[in-house]
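K.L.:
For the sequence shown, numbering that gives the first Met the number 0 begins at 0 and goes up steadily by one. Glycine included, each C-beta is placed from N, C-alpha and C at the ideal position.
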Amino acid sequence: MTDEGIPQRCAVCGGTLIPQLITHQVQKGEEIFVFDNVPAFVCSQCDGVWITGDVKDKIDEIVRQETEPKGPEQQHES
Ligand SMILES: [Zn+2]
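1. Rounded to whole angstroms, what's the CA-CA distance from V62 to F32? Just pull it up for me.
2. Return the CA-CA distance between L20 and N36, expressed in angstroms with no decimal places.
3. In three-state terms, what does DSSP make of V33?
4. Under 7 angstroms Cβ to Cβ from V48, same chain only, skipping five residues before and after it: list those, please.
5. To which residues of the same chain is M0 closer than 7 angstroms at the C-beta, ignoring the five residues directly before and after it?
6. Who sits around ligand 1, taking every residue whose Cβ is closer than 5 angstroms to one of its heavy atoms?
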């Protein structure tokens with residue numbers, strides 16, 4: 000199963016998805032990360048926002064790096 004791609008139509012209302020650059024916010028605990036010019040698809044009917052797996056991965060990665068505890072108590076699992 001591949002859920003990664005963007006559906007041709009909004010999965011909520013069936014509206015047309017329009018590629019746009021959006022401002023995307025991710026809240027992690029008490030911190031809010033704001034990403035400008037995120038390539039996404041916006042539904043023309045319900046304003047639902049869809050972000051591709053690739054972009055989401057990148058955002059997740061940045062947020063993780065920013066929130067990762069840094070210090071001597073690093074865990075190392077292999
Ligand atoms: Zn929609």
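P.N.:
Per the coordinate set shown:
1. Indexing the sequence shown from 1 puts residue 62 at position 63. Indexing the sequence shown from 1 puts residue 32 at position 33. Here the alpha carbon of V62 sits roughly 7 angstroms from the alpha carbon of F32.
2. Residue mapping note: residue 20 aligns to position 21 of the sequence shown, counting from 1. Residue mapping note: residue 36 aligns to position 37 of the sequence shown, counting from 1. Straight through space, the alpha carbons of N36 and L20 are spaced by roughly 5 angstroms.
3. As a working note, residue 33 is residue 34 in the sequence shown. DSSP places V33 within a strand segment (E or B) once states are collapsed to three.
4. Counting from one through the sequence shown, the residue named residue 48 turns up at place 49. Cβ neighbours of V48 beyond the five flanking positions: I21, A39, V41.
5. Locating residue 0 in the sequence shown gives position 1, where the first residue counts as 1. With a pLDDT of 47 at M0, under the threshold of 50, the modelled position of that residue is not reliable, and no figure is offered here.
6. The answer, residue by residue, is C9, V11, C12, G14, C42, Q44, C45, G47.
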